[in-house]
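Peer 1: To convert, count from 1 in the sequence shown and add 129; that's this note's numbering.
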Amino acid sequence: MSGLLLSLVITAVLAGAGGFAAGRATAVESESDDCTATRTVEKKAGREADRLGRDDVSDPDGWVLSVRTHAYVITQNSECFSAQERAEAQATLDKFKHYEES
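1. Give the straight-line distance between the Cα atoms of SER207 and TYR201, rounded to the nearest whole angstrom.
2. Thinking just about the alpha-carbon of each residue, which of SER195, ASP188, GLU230 is nearest to the one in GLU177?
3. Report buried or exposed for GLU230, applying the criterion of at least 16 other Cβ atoms within 10 angstroms of its Cβ.
4. Rounded to whole angstroms, what's the CA-CA distance from HIS199 to ARG168? Just pull it up for me.
5. Classify SER207 as helix, strand or coil using the three-state DSSP reduction.
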């Protein structure tokens with residue numbers, strides 16, 4: 130009887146570990162897909178900011194919005210970006226905040 134109970138416990142543990150491993154493998158693929166989509170949005174906002182340019186007198190608010198969007202995408206999706214990218218994005222947001230408060 131104890132041998133049967135031990136076999137059931139071992140089977141349950143192995144099944145749980147297998148399910149956990151399968152879930153992690155799927156989560157990694159999903160996370161990678163999420164980061165790909167996030168990086169696409171980030172690059173689009175960066176290109177838009179570059180296109181508008183800081184000195185474009187026709188749409189200065191559009192430039193600010195594009196730069197902020199670019200920075201927010203990075204800071205709010207930290208798992209998809211390097212420490213340097215996150216630091217630069219946060220510094221950009223801090224600079225805008227400082228200018229607004231002045």
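Just so it is clear, CB atoms sit at the ideal spot from N, CA and C, and this is done for glycine as well. Keep in mind it's a predicted model, so treat the numbers as computed, not measured.
Peer 2: Taking the definition as stated:
1. Translated into the one-based positions of the sequence shown, residue 207 becomes position 78. Translated into the one-based positions of the sequence shown, residue 201 becomes position 72. Between SER207 and TYR201, the C-alpha separation is close to 10 Å.
2. Position 48 of the sequence shown, counted from the start, is the residue given in the question as residue 177. Per the Cα distances, SER195.
3. Here residue 230 refers to the residue found at position 101 when the sequence shown is read from its first residue. Exposed is the call here.
4. Along the sequence shown, one-based indexing puts residue 199 at 70. Along the sequence shown, one-based indexing puts residue 168 at 39. A straight-line Cα-Cα distance of about 10 Å links HIS199 and ARG168.
5. Here residue 207 is taken as the residue at index 78 of the sequence shown, counted from 1. Helix, per DSSP.
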